[in-house]
Amino acid sequence: QQQVKQSPQSLIVQKGGISIINCAYENTAFDYFPWYQQFPGKGPALLIAIRPDVSEKKEGRFTISFNKSAKQFSLHIMDSQPGDSATYFCAAREAGTGNQFYFGTGTSLTVIP
Amino acid sequence: NAGVTQTPKFQVLKTGQSMTLQCAQDMNHEYMSWYRQDPGMGLRLIHYSVGAGITDQGEVPNGYNVSRSTTEDFPLRLLSAAPSQTSVYFCASSYFGETQYFGPGTRLLVL
């Protein structure tokens, strides 16, 4: 059973457009929500993260929107660039475990020049 | 700093063989984890550790053992390899369970 549901599976966006990836969860014990970016043949790298007491966090062109009541969070990539083409994973950490993370299934983003 | 290193990069095993995947970090992180990545499944936590001498099971621990005798090293042992363990394995470390730094991965093929 997938604890964090991610959509879409793949996404194609024109250069300069906005990429939006969505995640949903049920476990109210999750207390930290990171997004990771992974290029082919590499390990994932932290992109941006948010805690549930904040509704939005922005870092450069990347923004996380968080809706605690709906148990949903999303990644927005503004002014998408070909270099953003990668696989993106959302994740959630279970409070009290220290290190137990659950990942979404990933979204393959392609930005067309 | 080398960050998180993993060896080997690629391994082929026959069913029933055992092996150890090595993971080391030089950032003095207390928290370390092992994940497997399979197409369409994302990353799934196998085992994790919150400090030397302390380990716990993740989502998919069956068929794998871990130990943590030092802060730096967190090896993953496959006791008797099965084709279902064909995957890409990632080790990660973090300071206090937040920003995880991932290694480059080990691709394992079990025939």
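Sequence order for the protein chains is Y and U. The opening residue of the first sequence carries number 49 in our numbering; numbering runs sequentially from there. The opening residue of the second sequence carries number 419 in our numbering; numbering runs sequentially from there. Don't be surprised by glycine CBs; every beta carbon is placed ideally from N, CA and C.
- As computed with DSSP, ILE66 of chain Y is found in no beta bridge at all.
- Closest in C-alpha terms to PHE81 of chain Y, from the list Y:GLN129, Y:VAL159, Y:SER55, Y:PHE151, comes Y:PHE151.
- Collapsing the DSSP output to three states places GLY469 of chain U in a strand.
- DSSP places ASP456 of chain U in the strand class (E or B) of the three-state scheme.
- Put simply, of Y:ILE125, Y:GLU74, Y:PRO130, Y:VAL61 the residue whose alpha carbon is nearest the alpha carbon of LYS53 of chain Y is Y:GLU74.
- In chain order, TYR519, PHE520 make up the part of chain U whose C-beta sits under 9 Å from the C-beta of ALA93 of chain Y.
- Three or more beta-carbon pairs drawn from the region 444-451 of chain U and the region 508-524 of chain U are found closer than 8 Å, and the two stretches are therefore classed as touching.
- For a Cβ distance threshold of 7 Å, residue set GLU516 of chain U lies close to TYR80 of chain Y, ordered along the chain.
- For SER156 of chain Y, the enclosing beta strand (DSSP E) stretches over residues 155-160.
- Here PRO501 of chain U carries a helix assignment [DSSP, helix/strand/coil].
- Classified as exposed, GLN129 of chain Y has fewer than 16 neighbouring CB atoms from the shown chains inside 10 Å of its CB.
- Cβ proximity to chain Y below 7 Å picks out TYR449, SER451 from the region 434-452 of chain U.
- The DSSP-derived three-state label of PRO130 of chain Y is helix.
- A contact between stretches requires three or more CB pairs, one per stretch, nearer than 8 Å, and the region 430-440 of chain U meets this requirement with the region 485-499 of chain U.
- Here the C-alpha atom of ASP79 of chain Y lies approximately 6 Å from the C-alpha atom of GLU142 of chain Y.
- Distance from the CA of GLN148 of chain Y to the CA of ILE472 of chain U, rounded to the nearest whole angstrom, comes to 14 Å.
- Using a 10 angstroms sphere on the CB of SER67 of chain Y, the tally of other CB atoms reaches 16 or more, which defines it as buried.
- In this structure, VAL478 of chain U and ALA500 of chain U do not form a Cβ contact; the two beta carbons are roughly 13 Å apart against a cut-off of 8 Å.
- Chain-order list of chain U residues neighbouring LYS90 of chain Y: PRO522, by C-beta distance under 7 Å.
- Taking a C-beta distance under 7 Å as the contact criterion, VAL422 of chain U and TYR513 of chain U do not qualify as a contact pair.
- Taking C-beta atoms as the reference points, THR155 of chain Y and ILE69 of chain Y count as a pair closer than 7 Å.
- DSSP places LEU529 of chain U in the coil class of the three-state scheme, outside both helix and strand.
- Here VAL102 of chain Y really is in contact with PHE114 of chain Y; their C-beta atoms are around 6 Å apart, less than 8 Å.
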